[in-house]
Amino acid sequence: MPGPRAVGREPFRIRGTLGKVFLRAVGSHQETMGKLSTLFAPDRVAVVGASDEEGSVGRAVTENLLETFEGEVFAVNPTKERVLDLECHDEVAEVAPVDVAVIVVPTDIALEELREAAEAGVENVVVITAGFGEAGSEGAARERELQAIAAEYDLNLVGPNSLGVMSTTNGLNATFAPTMPGAGNISFMSQSGAFVTAVLDWAADRDLGFKDVVSVGNKAVLDEGDFVAEWGEDPETAVIAGYLEDVGDGRAFMETAREVTRSTPIVVIKSGRTEAGATAAASHTGALAGSDRAYSAGLDQAGVLRVETVQELFDAASILASQPLPEGEEVAIVTNAGGPGVMATDAVGDSDLGLAEFADETIDALAERLPQGANVYNPVDIIGDADTDRFRDALRTVLADPNVSMAVVLSCPTATLSYADLAEAIAAEQERAGLPVAATLMGGTRTREATAALADAGIPNYFDPARGIGSLEALSSYADIRETEWAEPGTFDVDRERATAVLERAVERGTNRLGVEAMALLSAYGIPTPTGEIVSDPAAAEGVAREIEGDVVMKIVSPDILHKSDIGGVEVGVPLADVRDTYEDLVARARNYQPDATILGVQVQELVDVDAGTETIVGASRDPTFGPLLLFGLGGIFVEVLEDTAFRVAPVAEPEVREMLEEIDAAPLLHGARGREPADVDALVEVIQRLSQLVTDFPAIAELDINPVVAAPDGAVAVDLRLTIDQEEL
């Protein structure tokens, strides 16, 4: 069996560009990477606004630096002669050169102090002062001025409205947090300063250490992408963890994170999953969050592991920082208690992992070594009187099985078992096998010594079996990410001029909503559509129907009537003899439904045999953070009821599209379920790729739905269309 994949270090590279937007959003990472290392590893730090006043932020920051920082600390405060035994200086220039300036002055003089620090040659500035973008229109104007100063002097600026920055390698604690973390190999960023203080206190109680910590604040200059890029090339950072409320530029972050996750795992909590949460996040930092579906898609496409709780965040980060990566998804469970074993088995069933099926040799070896009554199949129950030797034998046996990729050891305390000895045995067997192992030694006080010993060996211990399985799933997920070969989105020969003309005609009519009258837009990008034409009188309708031959579909065409079928605006299977009357009926229904509606005519369209294929929906919307967001799912009139859909941020490559098709619950319908003839999946994939190119090429397309796209055995056809455009983008 091949050995496990270790989390190695590879050089970080940014390939390609997204133009000026990309460079601005990631802070021109290629230029700032070297300079950001000085932010976390300075020799000289100045506190602008240093104070000895009890309870002041200026005092807290200064005290924290004096207590742990290995470099020099300078106090800048023209109103003081000395602060905490430090000589006070009137301005930063008096103590230049300075590597980092920490600004903790009142809001009304913060910009003045920032400019003075920049003129003194400071390159790295941490603005703890609040009252900027999070504080209404005046604050937003103040933040724009801060950004202008930072751009003028090419500053690496953290904040404003930041708790500060920390690095355990040199004792840097340029924050007003009450706790300095222990050393570790996890670097952590947070959009909430208060959350940082809570995490540090929580982590200290669990002996969880960090390498760097940053409170990004309002992200006026440096944002999450800058820190991800910096830590991605830092050999002392094994895992990047984060709490985010928004992402400044989704596409730029995806580019950066996708490169970094080739060698360094990224685990984040992205809050604002619900509408209420998104509103709270916006009021907290002034962030304009995109849709949660867009964040889920974007983070997943970037190779970022998204979790929902603090416990999950650090469960994943801890095991990723200390255990090897598995070669597969097969888990072995060894337990002395049936109940926890069942709980672990359920957790495996709820995850993307699977229970390992032991080889015959493993089953025979377990039967030989374990007492009668033990279960030699997975989960392995070595029964309640098991001692350390029995645990060791069972664990060694299953870890040697070629079908086992990882293991979890569960135990309840008994009088026949020493947890300290068991921890030693688990650590030894994990090291011997080189496979990832998680422990669930259940209990309270009796587990403390064992938990510490396991932690020293890089093995996490949990009370809940589900957490042990969850941490192993994080390892497996990142192993898959490391193995992913990201393909470049394909491009097709298209007629952009024709597509532009369709959109411009809508502007000329003074509307931002289009329906089937814009089917030519799809044809311009090579998306198959039925033969058809929009006509403005019954005679013309009859003429088109005669050319099509056979029964036709007729639809009212109005940008003001979105759900045509709801008002009787669609007639299917109309014979030639009924075309004139059907035209009159459709127009009359539309007039009765909405007298002031703009009616462009009636579409007469070739009848597509829907029963011969599967009705799907392919669509796109424009997310403020990530740009065009593609949708694929089961289509037809019940699409909004069933909500069987998958999402990706465009542009997408072919492998990503094929993943979308397999994600929906109705995927078996595309492959011939219940005797159906399989759909032409390749044709459907191409439709989605062409739509991806269309909405990427035209930012003016705000929303677009093709419903249905009929996926038939001999191709895929777009039958109906509606879209909304942003006229200012044309």
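Take any residue in the sequence shown, count from 1 to its spot, add 49: that is its number in this note's numbering.
Heads up, the beta-carbon is just placed ideally off N, CA and C, and yes, glycines get one too.
Problem - Close Cβ partners of Arg445 (< 6 Å) along its chain, the five nearest in sequence each way excluded - result: Translated into positions along the sequence shown, residue 445 becomes position 396. Cβ within range, chain order: Glu478.
Handout entry: CA nearest to the CA of Gly684, picked from Ala716, Pro673, Val653
Key = Here residue 684 refers to the residue found at position 635 of the sequence shown. Checking every option, the nearest Cα to that of Gly684 belongs to Ala716.
Exercise for the section: Look at the alpha carbon of Thr500 and the alpha carbon of Glu143, and state the distance between them as a whole number of angstroms. Expected result: Position 451 of the sequence shown, counting from 1, holds the residue named residue 500. Position 94 of the sequence shown, counting from 1, holds the residue named residue 143. Rounded to the nearest angstrom, the two C-alpha atoms are 51 Å apart.
Problem - Validate contact between the stretch 726-744 and the stretch 765-772 using beta carbons, cut 8 Å, 3 pairs - result: yes
Exercise for the section: Measure the C-alpha to C-alpha separation of Phe407 and Pro673 and round it to an integer number of angstroms. Expected result: As a first step, residue 407 must be located in the sequence shown, where it is residue number 358. As a first step, residue 673 must be located in the sequence shown, where it is residue number 624. Distance between the alpha carbons of Phe407 and Pro673 is about 50 Å.
Handout entry: Contacts around Ala474, its chain only, beta-carbon distance under 7 Å, and the 5 residues preceding and following it disregarded
Key = Within the sequence shown, the letter at position 425 stands for residue 474. If we look at Ala474 and ignore the five residues flanking it on each side, its Cβ neighbours are Thr437, Phe440, Arg441.
Handout entry: C-alpha distance - Phe512 paired with Leu362, whole-angstrom precision
Key = Here residue 512 corresponds to residue number 463 of the sequence shown, with the count starting at 1. Here residue 362 corresponds to residue number 313 of the sequence shown, with the count starting at 1. About 16 Å.
Handout entry: Ala287 Cβ short of 7 Å to the ligand HEM heavy atom set
Key = The ligand HEM is not among the ligands present in this structure, which contains no ligands whatsoever.
Handout entry: Extent of the continuous alpha helix (DSSP H) run through Met568
Key = Your numbering for residue 568 matches position 519 in the sequence shown. Element bounds for Met568: 568-573.
Problem - Own chain residues within Cβ distance below 7 Å of Thr394, not counting five before or after - result: For this step, residue 394 is matched to residue 345 along the sequence shown. Here the set comprises Ile382, Leu404, Pro428.
Practice task
Please list, in chain order, all residues of the same chain as Asn126 whose beta carbon is under 7 Å from its beta carbon, the five residues on each side excluded.
Solution key: Taking the first residue of the sequence shown as 1, we reach residue 126 at position 77. Excluding sequence neighbours, Asn126 sits near Gly98, Ala99, Ser100, Val132, Cys137.
Practice task
Under the assumption that Asn222 contacts Phe89 (Cβ atoms under 8 Å), give the Cβ distance between them as a whole number of angstroms.
Solution key: Taking the sequence shown and counting its residues from 1, one reaches residue 222 at position 173. Taking the sequence shown and counting its residues from 1, one reaches residue 89 at position 40. With 8 Å as the limit, Asn222 and Phe89 do not qualify as a contact, their Cβ atoms being about 12 Å apart.
Exercise for the section: Spell out a yes or no on whether the stretch 712-726 and the stretch 557-576 are touching, meaning 3 or more CB-CB pairs, one atom from each, closer than 8 Å. Expected result: no
Problem - Which of helix, strand or coil DSSP assigns to Met491 - result: One-based indexing of the sequence shown puts residue 491 at position 442. Correct three-state label for Met491: coil.
Exercise for the section: Alpha carbon to alpha carbon, how far is Gly507 from Arg516? Give it in angstroms, no decimals. Expected result: In the sequence shown, residue 516 corresponds to position 467, counting from 1. In the sequence shown, residue 507 corresponds to position 458, counting from 1. Distance between the alpha carbons of Arg516 and Gly507 is about 16 Å.
Exercise for the section: Locate the beta strand (DSSP E) running through Pro677, then write down its first and last residues. Expected result: Here the question's residue 677 lines up with position 628 in the sequence shown. Element bounds for Pro677: 676-683.
Practice task
Please go through the same chain and pick out, in chain order, the residues whose beta-carbon is closer than 6 Å to the beta-carbon of Met392, but skip the five residues on each side of it.
Solution key: Looking up residue 392 in the sequence shown gives position 343. So the list reads Pro514, once near-sequence residues are dropped.
Problem - Ranges of the alpha helix (DSSP H) found wholly within the stretch 256-301, counting only runs of at least 4 - result: 273-281
Problem - CB of Ser367 within 8 Å of CB of Leu257, strictly - result: Mapped onto the sequence shown, residue 367 falls at position 318. Mapped onto the sequence shown, residue 257 falls at position 208. Yes; because the gap between Cβ atoms is below 8 Å, this pair is in contact.
Practice task
Work out the CA separation of Ala469 and Ser460 for me, nearest whole Å.
Solution key: The residue you call residue 460 lines up with position 411 of the sequence shown. The residue you call residue 469 lines up with position 420 of the sequence shown. Answer to the nearest angstrom: the Cα atoms are 12 Å apart.
Problem - Cross-strand partners of Arg355 (DSSP beta bridge) - result: Position 306 of the sequence shown holds residue 355. Val317, per the DSSP bridge assignment.
Practice task
Starting from Gly650, trace the beta strand (DSSP E) both ways and give me its first and last residue.
Solution key: Residue 650 sits at position 601 when you count from the first residue of the sequence shown. From DSSP, the beta strand (DSSP E) with Gly650 extends over 650-655.
Problem - Closest residue to Val601 among Ala567, Val657, Ser607 (Cα-Cα distance) - result: Position 552 of the sequence shown holds residue 601. Among Ala567, Val657, Ser607, the Cα nearest to that of Val601 belongs to Val657.
Exercise for the section: Kindly confirm or deny that the stretch 263-281 and the stretch 203-221 touch, where touching means at least three C-beta pairs closer than 8 Å. Expected result: yes
Problem - Residue of Ala449, Ser454, Val207 minimising C-alpha distance to Val270 - result: Residue numbering aside, residue 270 sits at position 221 when the sequence shown is read from its first letter. Checking every option, the nearest Cα to that of Val270 belongs to Val207.
Problem - Met229 in three-state terms, based on DSSP - result: Numbered from 1 along the sequence shown, position 180 holds the residue referred to as residue 229. DSSP places Met229 in coil when its eight states are reduced to three.
Handout entry: Close Cβ partners of Glu566 (< 6 Å) along its chain, the five nearest in sequence each way excluded
Key = Position 517 of the sequence shown, counted from the start, is the residue given in the question as residue 566. Only Ile583, Val606, Leu649 meet the Cβ criterion.
Handout entry: First through last residue of the alpha helix (DSSP H) which encompasses Asn641
Key = As a working mapping, residue 641 is identified with position 592 in the sequence shown. Unbroken alpha helix (DSSP H) run through Asn641: 628-642.
Handout entry: Segment contact, 8 Å Cβ cut-off, at least three pairs: the stretch 570-582 with the stretch 609-627
Key = no
Problem - Close-in-space but distant-in-sequence residues of the same chain around Ile412 (CB under 8 Å, 5 per side omitted) - result: Translated into positions along the sequence shown, residue 412 becomes position 363. Contacts found: Val425, Tyr426.
Exercise for the section: Count the other C-beta atoms from every protein chain shown that fall within 10 angstroms of the C-beta of Val556, then say buried if there are 16 or more, exposed otherwise. Expected result: Within the sequence shown, residue 556 is the residue found at index 507, counting from 1. Under this definition Val556 is an exposed residue.
Exercise for the section: Express the C-alpha separation of Glu285 and Val141 in angstroms, rounding to a whole number. Expected result: The residue given as residue 141 occupies position 92 in the sequence shown. The residue given as residue 285 occupies position 236 in the sequence shown. About 31 Å.
Handout entry: Given Gly291 as reference, the closest of Arg355, Glu308, Ile431, Pro155 once Cα atoms are compared
Key = Here residue 291 is taken as the residue at index 242 of the sequence shown, counted from 1. Comparing Cα-Cα distances from Gly291 to each of Arg355, Glu308, Ile431, Pro155, the minimum goes to Arg355.
Exercise for the section: Quick one: residues in its chain with C-beta nearer than 6 Å to the C-beta of Gly721, no 5 flanking neighbours on either side, listed in chain order? Expected result: Working through the sequence shown from its first residue, we reach residue 721 at position 672. So the qualifying residues of the chain are Pro727.
Handout entry: Cβ distance (whole Å) where Ala749 is taken to contact Leu552 below 8 Å
Key = Counting from 1 along the sequence shown, the entry for residue 749 is found at position 700. Counting from 1 along the sequence shown, the entry for residue 552 is found at position 503. Going by Cβ atoms, the distance from Ala749 to Leu552 rounds to 6 Å, so yes, they are a contact pair.
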